[in-house]
Amino acid sequence: MRAARAERAGGGVPGRGQPRPQISLSEGTALGTCLAWPVAVLYLPAVVAAEGREDGWLGMLLAGLVLIPVGLLLGALAHRVPRLGLVDQATLALGKALGRVVAAVFVLGTSVLAAYAVRAGAEMVRLLMLPRTPPWVISLVIALQGAVGAWFGLEVVARAAVMAFLSVGALLLVLIPGFIPMFDARRLFPVLSYGPGPLLRSAAVSAGFWGQVVLLAMSAESFRTPAELRASALRAGAASLATGWLLFVLAQGSAGWYGVSEFAMPNVEVMRAVRFYLPLFERVDVLVVTGWTAMGFVQVAWLVWALARGVSRLAGAVDSRPFVVPVAAALWGASLVGPEDLPGLLLRWTRVLVPLATGVLVLTVAVVWLTAAVRPPAPPAPRGARRDGTGAVGQDR
Amino acid sequence: MPFRPVQFLRRLAKRHFTARNLPDAGEGPPPADRLRVEAEGEYVPSVIYRRLEDNERWIRSLLGDSSDLVLRRTQVLGGKGTGPREALVCYLEAMADPAAVADVIIRAVSYEAGMLGSHVRSAPGAEPLLLHAGSLRLVREWREVLHGVLSGDTVLFVEGEDRAVLCATRGFETRSIEEPALESTLKGPREGFVESISVNLSLLRRWVKTPRLCFHRLILGDLVNLRVEVAYVKGLAGPELVEEVLSRLRRIKLEDPLGSNAVAEFISDTPLAPVPLVLATERPDRAAAALTEGRVVILVDNTPYALIVPCDMGMVLTSPEDHYVNSLFAFLNRMLRLLSLVITLTAPGLYVALTTFHAEMLPTAFFMRLQAAREGVPLPSLAEAVIMGAVFEILREAGLRMPRQVGQAISVVGALVIGDAAVRAAIISPIMLVVVGITAITAFAIPGYVALVAMWLPRLLFTLVAGILGIFGMAAAVTVGLYYTLSLRSFGVSYWYPYLPLTLSDLKDLVFRAPHWAMVRRPSQLARGEPFHMPYPQPPRPPHPLSRRPGRRGRP
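Quick look at the structure:
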């Protein structure tokens, strides 16, 4: 284990040939958490409360069940077609033409989620921090930093994710006790008073966010074993769900489901009412949002990397770096498309588009896995061998 | 084969910018057919001549008939049954110790050799004649002869021999060992490296008394013949690491009299990185500690610094003092240093962001006070911060370059004239002075001058971005800086190691400073062959107060 860690740190492998990027279990967990959590924890509560009323917190918990099949699916696919990312897995399992079509669908779904993440982050920053700054400026900054992170590669983004994960975790530990004086458990009940409909609707919306761990399939080649990929997905999903659910419960217990559904970002609004421990700051929400923003930055960087990687593999290129800047620019442009107001964004994108895109992604992975399970593909050519479109990927950046 | 634009551009740049036909760095004696020195239009062999006249003519032409070149003819005894043989003693007056030359070489050759009688066999072995010399060796190559003479050694040519005797008579003046100027400690040793590489080697040997300590000598550049010694402990430093260091050093084509910083720039993974990827230290104890961790130390002649590779962030943020104080205090000091790092990087930017964009975060009374202090100041916060930051950096730089007496005057001018007068004239606010002062003090808490200087660029960038986009902009800039530093490697080792990827066992001497008896393991990324400092933790076991025999625990 120590030798493996040292290998990953580069010890004993100095100089010219950089080692193949590898991400560990903890880094994979942090990456998976960064995939949906930063946006979900801000925007999801309002939609879940509106859909689920008092049952929203149960619906969110129920949605966590989707994580188990998604994690298992990722592990199973990586087991069937090891050491490859999703695009190559699809090409290998489904054939060159059909595989590329399926992979393109996956990349398209990823781009939708990425554009949403950029736009949602920009709206949040505009609302809470820079009300007079045009959203396109904020989106541009978010996309630019994502391009920088993606340029440096997956390892860098994964390590930044660990740092963001730990920082936000520490922030939550400090903040959550502040909610408790306002919390009233009676606001969580009664449950199922409107039948199972609200519960299922809120669960469906939540599943659309938590299921985004399926995006880890794009970096499947960087995990040491399929088991680590599976474990990373499951742990990331559990961490996201646990913290997101806890914050939702505290928000609903503090403001009631109606109050939560009325705000665009209920957790932040409730936090504004928290009396901080020291009278140093009047408002702590800007600090908290800064922490979340840092995690959102890592999320966007990862998404830019995944998109650049997907596009480069679709184009048959080994190095994804030349695609980073165009992808980031396209992402920035796509983030400007859509509703111009925050309620519109919540209504259409958060409630409909994100669950739809996540569903397509999961379906795509399931199709690839099913095909690979029914008709096991030939093992990929060893690294460095001449590629014929279905071979191994080369050095990844 | 797919087109790879990045690799293509790299190849193109390498092809375009690589100088060709330069000689490689020498390592020990070069192959005989490699050295071809052109003089007066004729090529000569690399080995020395048998005829004394040829050697004399050749060394005169090689050294340009320099005025400090001393060539003295003498005689030595030949082999059994042969008469005395002509010999030539050659040294540079400016570099050799005249007393050593006179007492050891000339006397030994001219008089004592004669007195020793016929049992002395020599000339191919002229060594017995020169037993008084401290160190001598036989050489064949002109390159070795030249390097020895230029370093202060004396060479003895003997008629009819194609070998010469090189005697160590170096006697040029060097600075004595003094306390390190930039890495001084209160309780640690007061010795620092000096300009003489021989003295520095001895300093390292005194700390690491093991036969496994190896020095690998390299001579860089045909013009300056810069001597470089690569030190490592065999079995601790990974062979790949040692080989990588040597190969990077061998690639250097150095033709200027530069010091260790130039060498560091040549071998660094990212030469333009604002953070040190090759650590320069002036403390032998620190270099020795690095050796025992499995790192490699590079000593460069004429430079009072040793270079340590690989260098990670933990090394930059730790001070040698930490190992000479109680582990608890060392831990607290490290925490203070980390806090100082955060403050010095972000304080001006946070001030600008809070006063410009996020004033609602501050308590009302504090905000009103702040606004009152800024009343009448014509400049925006951003301009204030940038100007005062620049003034501070200029004062720091001026204070370093000035003699001490003038340096005090600069401090007075900086504090009174610029600070007090600027506030009185309402050019800047007093709060800004406080912020700049805190920034400066916290910057000085970070060990290492290079790290101190490296701070101001990111600080300026953070301040500028904070003035444009507030805390959001700062967060973006910090994240980009994080990406950049996370991408850095020093000889293959991640710059953030062991923080990221997180290795808890290696944090014992980075975030914390565990007691020495608890630091069982060496850094796992380096000394993989021998991962343990000691076989097991050895906490002190004081005798129990009720025990009868000292040293035994438990009740009697």
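Chains Y and H, in that order, are what the protein sequence lines are. Heads up, the first sequence is in my numbering, so the first residue is 628 and it goes up one at a time. Heads up, the second sequence is in my numbering, so the first residue is 3 and it goes up one at a time. Cβ atoms here follow ideal geometry from the backbone N, Cα and C, with glycine treated the same way.
Taking C-beta atoms under 8 Å as the contact rule, glycine 880 of chain Y and leucine 798 of chain Y fail to qualify, at a distance of about 20 Å.
Close partners of serine 653 of chain Y in chain H (Cβ separation under 9 Å): Pro503 and Leu504.
Within its own chain, the residues whose Cβ lies closer than 8 Å to the Cβ of glycine 194 of chain H, once the five positions on either side in sequence are excluded, are Ile179, Glu180, Glu181, Pro182, Ala183, Glu185, Glu284, Arg285, Pro286 and Pro306, listed in chain order. In the DSSP assignment, no residue is bridged to isoleucine 269 of chain H.
Against leucine 757 of chain Y, the close residues of chain H are Phe359, Leu471, Gly472 and Phe474, in the order they occur along the chain (beta-carbon pairs closer than 8 Å).
Below the 7 Å Cβ cutoff, chain Y contributes Val768, Gln772 and Phe924 as neighbours of alanine 478 of chain H, in chain order. The Cβ atoms of alanine 863 of chain Y and isoleucine 650 of chain Y do not sit closer than 9 Å to each other. Residues of the same chain with a CB within less than 6 Å of the CB of histidine 218 of chain H, apart from the 5 flanking positions on each side, are Val232 in chain order. Within chain H, the residues whose beta carbon sits less than 7 Å from that of threonine 920 of chain Y are Phe474 and Ala477, listed in sequence order.
If you look at cysteine 169 of chain H, you'll find it in the beta strand (DSSP E) that goes 166–169. Collapsing the DSSP output to three states places serine 820 of chain Y in coil. Going by C-alpha positions, arginine 165 of chain H is about 10 Å away from arginine 139 of chain H. Flagged as an interface residue toward chain Y: tryptophan 498 of chain H, by a C-beta distance shorter than 9 Å. Under the three-state reduction of DSSP, isoleucine 440 of chain H is assigned to helix. 9 Å or more divides the Cβ of glutamate 386 of chain H from the Cβ of aspartate 303 of chain H. By the criterion of at least three beta-carbon pairs nearer than 8 Å, the segment 817–827 of chain Y is in contact with the segment 671–683 of chain Y. With 16 or more other Cβ atoms from the protein chains shown falling within 10 Å of its own Cβ, serine 859 of chain Y counts as buried. Nearest CB-CB separation between tyrosine 486 of chain H and chain Y: below the 9 Å threshold. Residues of chain H with a Cβ closer than 7 Å to the Cβ of glycine 776 of chain Y are, in chain order, Tyr485.
Counting along the chain, threonine 283 of chain H sits inside the beta strand (DSSP E) bounded by residues 281–283. Cα atoms of serine 489 of chain H and leucine 699 of chain Y: separation of roughly 32 Å, rounded to the nearest angstrom. Setting aside the 5 residues that flank it on each side, proline 709 of chain Y is surrounded in the same chain by Pro853, each with a C-beta closer than 7 Å to its C-beta; the list follows chain order.
Taken atom to atom, the span from the alpha-carbon of valine 157 of chain H to that of valine 167 of chain H is near 6 Å. Note that the C-beta distance between leucine 73 of chain H and arginine 62 of chain H is below 9 Å.
When 9 Å is used as the limit between beta carbons, alanine 787 of chain Y is near these residues of chain H: Thr481, Leu484, Tyr485, Leu488 and Leu502, in chain order.
When the beta-carbon positions are compared, tyrosine 499 of chain H and valine 522 of chain H stay at least 9 Å from each other. Closer than 9 Å to the CB of methionine 790 of chain Y there is at least one CB belonging to chain H. Proline 541 of chain H and glycine 776 of chain Y have their C-alpha atoms spaced approximately 45 Å apart. Secondary structure note for leucine 454 of chain H: its alpha helix (DSSP H) is the uninterrupted segment 451–456. Chain Y has a Cβ within less than 9 Å of the Cβ of methionine 363 of chain H.
Taking a C-beta cut-off of 7 Å against chain H, the contacting residues of the segment 946–978 of chain Y are Asp946, Arg948 and Pro949, listed in chain order.
Under the criterion of beta carbons closer than 8 Å, leucine 740 of chain Y and leucine 930 of chain Y qualify as touching, at roughly 7 Å.
DSSP lists H:Ser496 as the beta-bridge partner residues of arginine 491 of chain H. Distance from the CA of glycine 439 of chain H to the CA of isoleucine 473 of chain H, rounded to the nearest whole angstrom, comes to 21 Å. A Cβ-Cβ separation of about 10 Å leaves leucine 958 of chain Y out of contact with tyrosine 743 of chain Y under the 8 Å criterion.
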